[in-house]
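Residue numbers (the numbering used here): 65 to 764.
Glycine included, every Cβ here is placed at the ideal spot set by N, Cα and C.
Working notes for the structure below.
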C-alpha cells in the first residue's frame with residue numbers, strides 16, 4: 065500500500081521529520097492490508113482464510129472506534145495542527161476514507177469470488193432465504209418463532225416515536241412499510257439480537273443462513289397489517305475511546321464503570337449499509353446519525369464480516385491449521401522419579417519461554433499455581449493488563465490469598481475493550497482478600513511482571529517472571545511472546561521497587577537492571593542507540609509498533625553514522641527506511657501469519673566486537689504512550705544459552721521469506737515471494753528439536 069503525500073512536512077528539533085516519517089494511521093491500514101492478503105492467500109487452509117477475513121473486519125472496527133473517532137473529534141472541534149508527517153486531521157480522515165473504500169472493495173471481491181465459492185466447494189455454504197426449500201424454511205420458521213421473535217423489539221420512527229438510539233456495532237434492519245389505510249410510507253428499525261449466533265444452521269447440513277435474512281423473511285409478523293416495502297441492513301460505529309479524568313475521580317473503578325456506560329452513547333463515526341439501500345433510507349440514517357456522506361460505506365456482500373469467526377471455528381481439520389500444543393521447555397519437565405519444584409529449577413539458572421511454541425500453562429500458569437500452593441511462598445505480586453474471564457491465574461491468586469499468603473495484584477482498569485472483564489476480575493480478587501490496586505494516576509500499567517517472594521532454606525529469595533505478553537491463557541495460544549524466569553537478586557530487587565512504587569508511593573526509585581517507563585526507559589534506549597553510533601555497531605529491534613518521532617530521528621542518525629539496523633515491526637511503522645542520506649542502513653520488515661507477532665525484543669551489538677552484545681525483552685513498543693504515559697519494563701537477558709535462543713529467534717525472523725513483508729523508501733510494503741522458510745513453522749520445529757534433545761539425553 066502506498067503511503068505518501070504532498071503535505072508539507074513538519075520540522076521537529078532541526079530534523080525534517082516528514083522526509084523520513086510515514087503517517088501513523090495509513091501505516092496501520094497498511095498492516096491491516098497485510099492481514100487481508102493472508103485471507104487472499106490460497107496456500108493458507110480455507111477456514112484460516114475465513115478467520116483472517118474476520119480479523120481484518122474486527123481490526124477495522126476498532127480502528128474506527130478509536131483512531132478515526134479521535135481524528136473526527138479534532139475536526140469537529142476545529143483543532144489545528146498536524147501529525148509528524150505533516151497531515152492535518154481533516155486530511156487524514158479524507159485519505160483514510162479513500163484507503164478503506166479500496167480495502168472494503170477488495171474484501172467484498174475476495175469473499176464473493178474466492179472464499180465463499182471455495183467454502184461452498186468444501187461443503188460449507190452461506191445461503192440466502194430464497195435459496196432454501198419449503199421444508200428448510202419451515203424448520204427455520206419454527207426456530208424464529210420460538211427463539212428469535214420473542215426478543216425482537218420493532219421500533220417505529222415517526223413524530224410520536226423519535227429515531228431510536230443505535231448501539232455501537234449492532235446489526236440492524238431499516239424497514240420501510242405501507243399502511244393500506246393511509247397514503248404515505250412508514251419507517252421502522254429492528255435490531256438483530258447481539259447474543260444470537262450470526263449464522264443459523266440449516267438442519268444438520270453445513271448450510272448457514274445469516275440471522276438478518278431469517279428476521280427479514282418474517283417482518284410481516286413484527287408489523288401485522290402493514291405491507292413491507294423495503295428492508296436494508298445497516299451498522300453504526302461509535303467513538304468507543306474512554307476519557308477517564310483520573311485526577312478528578314474519587315474512585316477510579318467507579319469512574320471507569322461510568323465511562324463504560326457512556327461509551328454506548330459515543331458519537332457516530334461510521335455507517336455501514338447494504339449497497340442496495342435506497343437513497344431515501346440512506347439519507348434518513350445519515351441525517352439522524354449526524355454523519356456526512358463521506359462516513360458511509362456501502363457493502364455489497366455481508367455487512368460485518370467479523371462474524372465469520374463463527375464459521376471459521378467449524379470443526380474441519382482438513383480446512384484448518386494443525387493444532388499446535390506448546391512443548392514443555394526441557395528444564396521445566398518434571399521427572400516422576402526425581403521431582404523438583406519450579407523454584408529449584410529457576411534457582412539453577414534462568415529459563416526462557418517462547419509462546420505459543422512453549423506451553424503457557426506448563427510454565428507461567430504452573431509458576432503461579434505452585435507459588436499459590438507452596439507453604440514456603442510468602443507473597444505473590446503481579447500486574448494484570450488483559451486476562452480471560454475463566455483464567456486459572458485468577459483462580460490461583462485467589463487460592464494463594466485463601467492460603468494466607470500476601471497477594472497484591474495491579475489491575476489495569478483502562479485496558480481498552482477489556483475494561484469490563486478487568487473490573488470483574490478485580491472484584492473477585494478483592495472479595496477473596498487480595499490487595500488490588502489500579503496503578504498510578506495518569507498512567508496505564510502495561511508491564512508484564514510477576515514477583516514471588518519465597519522463604520528458601522538459605523534465606524528469603526525473589527523469583528521473577530518478566531514477559532512481553534499478557535497473563536492471558538487464551539491469547540497465549542495465539543500470540544507470539546517471550547518470557548524470562550529468573551532468581552537474579554538485582555532483578556528481584558528491581559521488581560520489588562517497581563511493585564512498591566505501584567502500590568504505594570515512590571518518586572525516586574533507582575533500578576539496577578530493569579529499564580522502566582516512564583522513568584528510565586526512554587533514556588536507556590537513547591543511551592544504547594547513541595552508544596552504537598559512537599562504536600559503529602548494529603541494532604535489531606522487534607516490536608509491534610514504531611511511532612515515536614524522537615527515537616525515529618535517532619535511528620536515522622545512527623543509520624547515517626553507519627550503524628546497520630534491522631527493524632521487525634508487525635504493525636505500525638512510521639519510520640521510512642532506505643531514504644538516501646537519511647535511512648540508507650535501515651531495513652524494515654513485518655511478519656504476519658498464523659500467530660500474532662507480539663514480542664518486543666531489543667538487540668544492541670555494543671559496537672563491532674568491542675563489548676558484549678545486549679538483549680532486552682519486555683512490554684513496550686516504541687510509541688510515545690509506551691515510553692511516557694505507561695508503566696513498562698525491559699529486562700536484560702544475560703545467560704549465554706538464553707542469549708543464543710534470542711539470537712536464534714531474531715535470526716529466524718530476519719530469514720523468514722514466506723510470511724515476511726518489506727517496507728521501502730516510498731512507504732510501500734512488498735511481500736517476499738517464492739520463499740522456503742516460514743518462521744512460525746521453523747519455531748515449531750526448533751521447539752520439537754529441544755524436546756528431542758531432552759529425550760536423547762534421558763535415553764543416553
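How is the alpha helix (DSSP H) around residue 411 delimited, first residue to last? 406 to 411
Between the region 277 to 288 and the region 380 to 400, do three or more beta carbon pairs fall short of 8 Å? no
What three-state label does DSSP hand residue 535 in the structure shown? coil
If I follow the unbroken alpha helix (DSSP H) through residue 155, where does it start and stop? Where residue 155 is concerned, the enclosing alpha helix (DSSP H) stretches over 153 to 174.
I need the DSSP call for residue 681, collapsed to helix, strand or coil. In the three-state reduction of the DSSP assignment, residue 681 falls in the strand class.
Span of the alpha helix (DSSP H), counted from its first residue to its last, around residue 362: It is not in any alpha helix (DSSP H) - residue 362 instead sits in the beta strand (DSSP E) that spans 360 to 363.
May I have a chain-ordered list of the beta strand (DSSP E) segments no shorter than 3 residues that lie completely inside the region 710 to 756? 724 to 727, 733 to 735
Could you check what DSSP says for residue 568 in three-state terms: helix, strand or coil? coil
What are the uninterrupted segments assigned as beta strand (DSSP E) that are 3 or more residues long and contained completely in the region 433 to 460, given in chain order? Entirely contained in the region 433 to 460, the beta strand (DSSP E) runs reaching 3 residues are, in chain order, 441 to 448.
According to DSSP, simplified to helix, strand and coil, what is residue 573? DSSP, reduced to helix, strand and coil, places residue 573 outside both helices and strands of the structure shown, so it counts as coil.
Cβ of residue 634 within 8 Å of Cβ of residue 598? no
Where residue 690 falls, given that 16 or more other Cβ within 10 Å makes a residue buried: buried
Got a sec, what are the start and stop residues for the beta strand (DSSP E) residue 470 sits in? 470 to 475
Closest residue to residue 297 among 526, 356, 237 (Cα-Cα distance): 237
Pull up the distance between the alpha-carbon of residue 84 and that of residue 646, whole angstroms please. 7 Å
With a 10 Å radius around its C-beta and 16 neighbouring C-beta atoms as the bar for buried, classify residue 361 as buried or exposed. buried
Considering only the alpha carbon of each residue, which of 638, 302, 140 lies closest to residue 130? 302
Residue 272 to residue 188, Cα distance in whole Å? When rounded, the distance between both Cα atoms is 8 Å.
Less than 7 Å between C-beta atoms, sequence neighbours within five positions excluded: which residues of the same chain meet that for residue 208? 278, 282
Can you check whether the CB of residue 352 is closer than 8 Å to the CB of residue 227? Yes. Within cutoff.
Within 10 angstroms of its Cβ, does residue 377 collect 16 or more other Cβ (buried), or is it exposed? exposed
Alpha carbon to alpha carbon, how far is residue 768 from residue 687? Because the chain in this structure spans residues 65 to 764, residue 768 falls outside the shown range and cannot be described.
Where does residue 552 fall in DSSP's three states? coil
Counting only the same chain and skipping the five closest in sequence on each side, list residues whose C-beta sits under 8 Å from that of residue 405. These residues qualify, in order along the chain: 434, 438.
So residue 262 packs on residue 275, CB below 8 Å; how close in whole Å? 6 Å
Residue 87 - DSSP class collapsed to helix/strand/coil: coil
Taking the CB atoms as reference points, tell me whether residue 345 and residue 256 lie closer together than 8 Å. Not a contact, by the Cβ cut-off of 8 Å.
Spatial neighbours of residue 752 within its chain, please: C-beta separation below 8 Å, excluding the five flanking residues on both sides. 391
Would you kindly work out how many angstroms separate the C-alpha atoms of residue 159 and residue 419, rounded to a whole number? Taking the straight line joining both Cα atoms gives about 37 Å.
Presumed contact (8 Å Cβ cut-off) between residue 87 and residue 156, rounded CB distance: By a beta-carbon distance limit of 8 Å, residue 87 contacts residue 156. Their separation comes to about 7 Å.
For residue 464, collect the residues of the same chain with a Cβ closer than 7 Å to its Cβ; drop the 5 residues on either side in sequence, then sort them by chain order. Correct list, in chain order: 435, 436, 444, 471.
Which of the three DSSP states, helix, strand or coil, is assigned to residue 380? In the structure shown, residue 380 sits in coil (DSSP, three-state: anything other than H, G, I, E or B).
Between 382, 415, 402, which has its C-alpha nearest residue 396's C-alpha? 415
Neighbourhood of residue 582 by C-beta, 6 Å cutoff - its chain only, sequence neighbours within 5 removed: 692
Could you tell me the alpha carbon to alpha carbon distance between residue 608 and residue 664, rounded to whole angstroms? Using only the alpha carbons, I get a separation of about 7 Å.
Hey, how far is the Cα of residue 313 from the Cα of residue 561? Confidence in residue 313 is poor, its pLDDT being 46 and thus under 50, which makes the residue's placement unreliable; the coordinate value appears in the next sentence. Near 26 Å, if we compare the C-alpha coordinates of residue 561 and residue 313.
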